[in-house]
Amino acid sequence: GKAIAVSLFDGMADWMTVPLLHQAYGGRAPARAGLNHPSIAPYGAYAAADGEVVLSIQNEREWRRFCAEVLARPALAEDPHFADNPARVANRPALDREIAAVFGTLGRDALIGRLRAAGIAYGALNSVAELDRHPQLRRAAVDTPGGAVELVAPPARVGGETVALGAVPAFDQHGASIREEFAE
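Listed below in structure tokens is the structure:
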């Protein structure tokens with residue numbers, strides 16, 4: 041047998057193949073659809089002054105810490121519009137405005153520092169352009185009839201080696217053999 045190694049980063053980069061191809065070969069990423077959760081608030085992507093973070097408040101203890109240590113507004117945790125998760129979900133637009141008022145004054149790194157210190161689950165949200173420049177992004181060249189293109193390398197490595205990608209066939213290159221197979 042062989043060891044199979046799968047990097048979480050490589051797996052997520054693979055998941056982003058289509059937007060990354062739009063960025064790399066079309067010059068811009070497709071529009072995002074959003075990251076909000078239907079029954080948890082705050083949850084999703086939030087803008088800092090110079091970038092975005094994804095965060096999730098999972099319980100009331102985290103909510104109080106978030107208000108006190110990240111927003112520096114401890115009284116917000118007791119506001120009846122936001123005092124518990126059902127209220128926050130029901131008042132999500134107002135909650136998002138409260139968060140945006142603070143986050144918009146902070147750089148992403150400063151905001152991440154506050155989230156980390158408070159023990160709040162977060163992630164830096166990279167744009168597709170940032171992923172395209174990321175030092176851990178592995179690529180694999182694939183031959184096409186129009187020339188080689190670079191795709192995200194498959195996330196799994198078997199025995200330390202990246203799985204090789206075959207060439208993209210030309211239009212109807214295998215058409216006769218496929219038609220013959222299905223004619224039987």
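Sequential numbering from 41 applies to the sequence shown in our numbering.
Using N, Cα and C, we set each Cβ at its ideal position, and we do this for glycine too.
This structure is a prediction, so every number in the text was calculated from the model and none was measured.
Spatial distance of residue i from residue j (CA atoms)
| i | j | result |
| --- | --- | --- |
| Thr57 | Arg113 | 40 Å |
| Pro70 | Ile44 | 32 Å |
| Ser47 | Gly67 | 27 Å |
| Leu191 | Ala150 | 33 Å |
| Pro175 | Val168 | 13 Å |
| Trp103 | Ile97 | 6 Å |
| Leu155 | Ala193 | 32 Å |
| Val189 | Gly200 | 23 Å |
| Lys42 | Gln213 | 34 Å |
| His77 | Val94 | 11 Å |
The alpha helix (DSSP H) enclosing residue i, as first and last residue numbers
| i | result |
| --- | --- |
| Arg148 | Arg148 to Ala158 |
| Ala130 | Asn125 to Ala130 |
Distance CB(residue i)-CB(residue j) smaller than 8 Å
| i | j | result |
| --- | --- | --- |
| Asp172 | Ala85 | no |
| Gly91 | Pro195 | no |
| Phe122 | Ala158 | no |
| Ala81 | Leu165 | no |
| Asp119 | Glu100 | no |
Cβ separation of residue i and residue j, assumed to be a contact under 8 Å, to the nearest whole Å
| i | j | result |
| --- | --- | --- |
| Gly147 | Ala87 | That pair is no contact at about 11 Å. |
| Leu205 | Ala53 | With a Cβ gap of about 14 Å, Leu205 and Ala53 do not count as contacting. |
Residue i: first and last residue of the uninterrupted beta strand (DSSP E) it sits in
| i | result |
| --- | --- |
| Ala81 | First-last for Ala81: undefined, no H or E at that position. |
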